[in-house]
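Working notes, beginning with the structure itself.
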Amino acid sequence: MSLRPKVLVTKIGLDGHDRGSRIVAAHLRDAGMEVVYTPPWQEIAAVVKLAQEEDVDVIGISSLATDHLIVPRLMHALRDAGLAEVGVIVGGIVPDEDERALLDAGVARVFHPGSSLDDIAAFVRDLAARVRSARFPA
Amino acid sequence: MNKPLPDPVPASLDEARVRWAAEYAAQLPQDRETRNRSGIPVKPLYTPLDADPSRYDEALGFPGEPPYTRGIYATMHRGRTWTQRQLIGLGTPRDYNARLLDILDKGATAVSLIPCNSVYRGYDMDEVYPELLGTCGVVVNTADQMDTCLDRVDLATTSCAMNDPLPFTLLAFMLATAKRRGVDWRDISGTSNQSDYISHFVANHMFFRIALPGSRRVLTDHVAWCNAHAPRWNPVSVVGQHMQQAGATPAEAMAFTLSTAIQYAEDCIAAGMSPDAFLPRFTFFFDISISFFEEIAKFRAGRRIWARVTRERFGARDPRSWRFKFHAQTSGVDLTRQQPLNNIARVTAQAMAGIFGGLQSLHTDAYDEVLSCPTQFGARIAVATQNILREEAHLTDVIDPLGGSYYVEALTDGMEERILATMADVEAQGGMYAAVRSGYVQKRIGESARAFQAKVERGEQTIVGVNKYVVDEDASARPALPKPDPSLMRSHLAGFARWKAERSRDDVDRALSALARAAQADGANTFGAVVDAAVAGCTHGEICATLRRELGFGQPLVVV
Amino acid sequence: MKRDLPRGDDAAAAARLAAIRAGDRGAVARAITAVENGHADAAALLAALEGDLGRAHVVGITGPPGAGKSTLIAALVGECTRRGRRVAVVAVDPSSPLSGGAVLGDRIRMSEVAAAEGVFVRSVASRGHAGGLASATRGIVDLMDAAGFDPVIVETVGAGQSEVAIAALADTSVVVTPPGLGDDVQAIKAGILEIADVLVVSKGDSPLASATVRDLKDMLRLRARRGAWTVPVVLTAATRGEGVAELLDVAARHAEACGRGRRLAGAVQPPGPHDAAARVATLARQDAFLRHCALELLDAGPGRATLAMTVGAEHLNFNGTCHGGAIFALADSAFGLASNSHGPVAAGIEAHVSYHAAARPGDRLVARAEEVSRNARLATYRIDVTRGDVRVASFGGTVYIAARRHAPREAATPAAGARVPGPSS
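Protein chains in written order, with the numbering used here: chain S, 4 to 141; chain G, 682 to 1241; chain L, 2 to 426.
Structure below.
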């Protein structure tokens, strides 16, 4: 049985614009991944609990209206829950100076508007593979 | 009509068309099939053969006359140009007021207010992560803070557009401010810009506070209250913008918007209101994409359909009920982060489409909106764009200047047909409320969004700087983006805490329990109770929490 | 590439078992991943937990798409939380047949209740793996049971195929139907109504709801009762919380009446291939219709059977090609033999066919039946009808397994108490 990356696509914070997250979720499915999808406005604690229960490899956070500013809180919470190895990517509107802060906080990559869906899928696939080999060293 | 088109079309014209078609095919043997975003095929040429001049009166008529295809007023932009309405909001009420006075000074003619996302979501500033406060709009939670926002603005003469979803606390705070300043509520004018809860449930999960049935009731109460107490206020703005931003095609966005307006009108009629009492205060709010001619045709077709619906379906007699008044905003979805200055050109083309479409009010996006909340520099260019189009380019000299274009008229008919077909689909679902509850509308919008994205990915739809004409950019050339000053926000928070401690808790408790009772009682008006609560010193979060408790929390109706 | 369980010494394995038994979220989740991916460690892990099973009340929730299952489950989970119970949910969503990927959207309706501490939700993609899905789900339910969750709720979509088999892992099978079924009534009658211990009419605020309740009660009256339990019909309006507590109470009564841990008792060791082949051969000889149609048995084994037929003049329709009914008869016969290969009498309750290519006089058609899933009460099969390399038709069917066995020849006695993860595929 081949292994399929398991990805959580979600939104934290206050904004609810979900066009981007829905398109990305559907594309990752079409790229052969298993995508857990949630409505917007997830609490950080709920995202951590979900990531743990579903044992996801990668979390994709969509942020269009400054909610990326609380992603460092999510990274902290994941580490506190023993999920430091889970890959996190952020997609949406993120100013340059904030991008650096997110990468410093442990986010694997930030995808900006206009990113190709195929690029996102390829990155997620690689990231999931890296996460798994970190979890289960050969 | 001094020179009507010759009818019947002379045989020579048809011969000429055949000759041209042969020549065209010879020179361009591998011509591509072209369709617009709504899926309507677009031919390489339109001629008098595409038009039926005998339908002029019925299909077009004169400006200010039904079916209003050429415009809802006799003078249109030549008499009074569109209202230049820039949506703004950032930081604290003080920040907002400074920006507002600056924009009014630069030529804007009306006020608008975008609150912070925390306000949209029904929370007070002390209920959310502090780093999110004021990053997208002004943090305003009380009547006192609204007073600061509107400092030195004459409420009796300035039209105010509030991005104020139900239960319309921002309007309530403004009314409380007016009361304090001795301004008669009957003089207050403007629009509740985010009253369209249906669009929030299907397309923009930004605004929920109250479950769908409760939302339906609060909106109907709001319409009834405004009719009685603030007759110059537009309580309903039906928002096609959300659907189009979420991915609906222009024709779908227009169809869902009209279906939504029909739903609201029927709810008001069911509540005992007469169509001519509320329809004149219905307004619409649309997105203008960069699909130039399609947008123009969308607006012209929408006007025509609404005139027919209001007269034939609702039996409205007052011509003001038939007029399709709309505000439009250039589409942020079309803007790119790559080479952001290109967005100025995009916004210009979008704005022109809206102006030729006959809008009543226009917001032009700042070129840097796709990077974050717009800078003051970007906002000024957006205002200047409108000034240039109006006064340098002379777009307002002639009413409906594209009327009579063979292409535009044929496309208007085509869009009308497509819009009516989608409205019939919604009707078959039992109307818009039912179609939203079942997820039908969400599904359609999701499918269209994916189809458009696929075209971009395949390169069939060019986006300059993204999938074509890509250049390497120096990120440092991008403008520094504004952030609210954290120390100002901290003192705003501290001020809020002090204010809460000092107000009369008894007044607040009394007003909130009156609000809860109004929500429980079928005959009571919930919005009247919201206004009373605002006057009594209740906060936005307290009012929202009370109604959410009584009427249920509105979960997003997400369909994947 | 496989997702491995961390290997370690016995102490680590013991610690892992202890963590699962203690309901440790991360340990349970990681073990589920191992089971889901069919890892070798998983079988040992499940075997080690065997003594911890049978405490949870397993409630299956099945119904057509749009019936309101997720909303109902969210309400049930909320009600369990209010009653202080630790509740787990397994939600199965279909994988895309094209890409193999899936969007697991069941949590959308559950996002409020799923955040509570005593709740564990796991989304599972069906992955189209023949037979494996039921056994993987079975393993997940076992893990949740061992971790002390009670109840364990299993959500599946639709009727027929492997989902029915998953629903039948449950102690109490709840079939949800929206009001105003129309043609769906037929589907329910034919398929999942058979497995319902409780019927729910959702969206009780719809004007059609009470009429639907009446229809279903009429339908149940016509059906033979199963043991002492009378199948109740519950009306719910989950968004308003109505009927939810009642449903939970009714389900609990069913568990009291009929017991828990049904999945643990039901499975039997599959008989050896020789027994199955012999049984199928006997059944084929006794089948008059098979003889009438001149169908030839080529091969048989546990859960499988292959038949052949040569298209003759008597099989042709007005177009001069083989009649669809003849092809159906071929496929259906293979289905019947495969489903009865194990010993217990199996009766078809639902079948469907898709025709892909025409067959002409002289063509030799071969129908190969394979078991997709099987448990104590239900099994599903897939039959491909081919002509050389060309696929002529695909056929799917579900059988209900009776308590009685075939008279002609009994299978070897299964090893008592042996647990089988699922049918081999």
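All C-beta atoms, glycine included, are put in the ideal place defined by N, C-alpha and C. Model, not experiment: these values are computed from the prediction.
Would you say residue i reaches chain L, if we count a Cβ-Cβ gap shorter than 7 Å as a contact?
i                      : result
residue 56 of chain S  : yes
residue 27 of chain S  : no
residue 102 of chain S : no
residue 124 of chain S : no
residue 41 of chain S  : yes
Can you give me the Cβ contacts of residue i inside the same chain, cut-off strictly under 7 Å, excluding the 5 residues immediately before and after it?
i                      : result
residue 107 of chain L : 71, 92, 94, 124, 156
Enumerate in chain order the residues of its own chain whose CB-to-CB distance from residue i is below 6 Å, with the five nearest sequence positions on each side excluded.
i                       : result
residue 1093 of chain G : 978, 981, 982
residue 57 of chain S   : 39
residue 755 of chain G  : 744, 745
residue 1170 of chain G : 814, 815
residue 234 of chain L  : 200, 214, 217, 218
What number of angstroms, rounded off, separates the C-alpha of residue i from the C-alpha of residue j?
i                       : j                       : result
residue 789 of chain G  : residue 766 of chain G  : 6 Å
residue 171 of chain L  : residue 177 of chain L  : 15 Å
residue 744 of chain G  : residue 1084 of chain G : 11 Å
residue 294 of chain L  : residue 371 of chain L  : 21 Å
residue 716 of chain G  : residue 1016 of chain G : 21 Å
residue 1065 of chain G : residue 1108 of chain G : 43 Å
residue 282 of chain L  : residue 266 of chain L  : 29 Å
residue 884 of chain G  : residue 1183 of chain G : 40 Å
residue 708 of chain G  : residue 127 of chain S  : 47 Å
residue 284 of chain L  : residue 395 of chain L  : 23 Å
residue 968 of chain G  : residue 366 of chain L  : 59 Å
Could you give the residue range of the beta strand (DSSP E) that holds residue i?
i                       : result
residue 810 of chain G  : Neither: residue 810 of chain G is in no beta strand (DSSP E) and is coded neither H nor E.
residue 1128 of chain G : Counting along the chain, residue 1128 of chain G falls outside any beta strand (DSSP E), though it belongs to the alpha helix (DSSP H) covering 1121-1138.
residue 179 of chain L  : Careful: residue 179 of chain L lies outside any beta strand (DSSP E) and carries neither H nor E.
residue 311 of chain L  : 305-311
residue 843 of chain G  : 841-843
Give a yes or no on whether 7 Å exceeds the smallest Cβ distance from residue i to chain G.
i                      : result
residue 4 of chain S   : Bear in mind that the predicted position of residue 4 of chain S carries a pLDDT of just 33, short of 50, making it too unreliable to give a figure here.
residue 83 of chain S  : no
residue 22 of chain S  : yes
residue 18 of chain S  : yes
residue 8 of chain S   : no
residue 71 of chain S  : no
residue 115 of chain S : yes
residue 98 of chain S  : yes
So residue i and residue j are supposed to be a Cβ contact under 8 Å. How far apart are they, rounded?
i                       : j                      : result
residue 325 of chain L  : residue 356 of chain L : 6 Å
residue 639 of chain G  : residue 853 of chain G : With chain G represented from 682 up to 1241, any question about residue 639 of chain G goes unanswered, as that position is not in the structure.
residue 1 of chain L    : residue 334 of chain L : Because chain L in this structure spans residues 2 to 426, residue 1 of chain L falls outside the shown range and cannot be described.
residue 1125 of chain G : residue 933 of chain G : 6 Å
residue 928 of chain G  : residue 720 of chain G : Contact doesn't hold; Cβ gap of about 14 Å is too wide.
residue 834 of chain G  : residue 797 of chain G : Wrong, their Cβ atoms sit about 20 Å apart, outside the cutoff.
Determine, using beta carbons only, whether residue i comes closer than 7 Å to chain S.
i                       : result
residue 817 of chain G  : yes
residue 105 of chain L  : yes
residue 1011 of chain G : no
residue 682 of chain G  : In this prediction, residue 682 of chain G has a pLDDT of 46, which is less than 50 and means its spatial position is unreliable; nothing more can be read from the coordinates.
residue 21 of chain L   : no
residue 74 of chain L   : no
residue 140 of chain L  : no
residue 290 of chain L  : no
Which residues bound the alpha helix (DSSP H) around residue i?
i                       : result
residue 1043 of chain G : Residue 1043 of chain G -> not in any alpha helix (DSSP H); beta strand (DSSP E) instead, spanning 1042-1044.
residue 345 of chain L  : Counting along the chain, residue 345 of chain L falls outside any alpha helix (DSSP H), though it belongs to the beta strand (DSSP E) covering 345-356.
residue 704 of chain G  : 692-708
residue 404 of chain L  : Element bounds for residue 404 of chain L: not the alpha helix (DSSP H) but the beta strand (DSSP E), 391-406.
residue 74 of chain S   : 74-83
Apart from the five residues just before and just after residue i, which ones in its own chain have a Cβ nearer than 8 Å to its Cβ?
i                       : result
residue 1213 of chain G : 1192, 1195, 1196
residue 827 of chain G  : 774, 821, 851, 854, 855, 857, 858
residue 1201 of chain G : 1231
Going by the C-beta, is residue i closer than 6 Å to any heavy atom of the ligand ADP?
i                      : result
residue 244 of chain L : Ligands in the displayed structure: none, and consequently the ligand ADP is not present.
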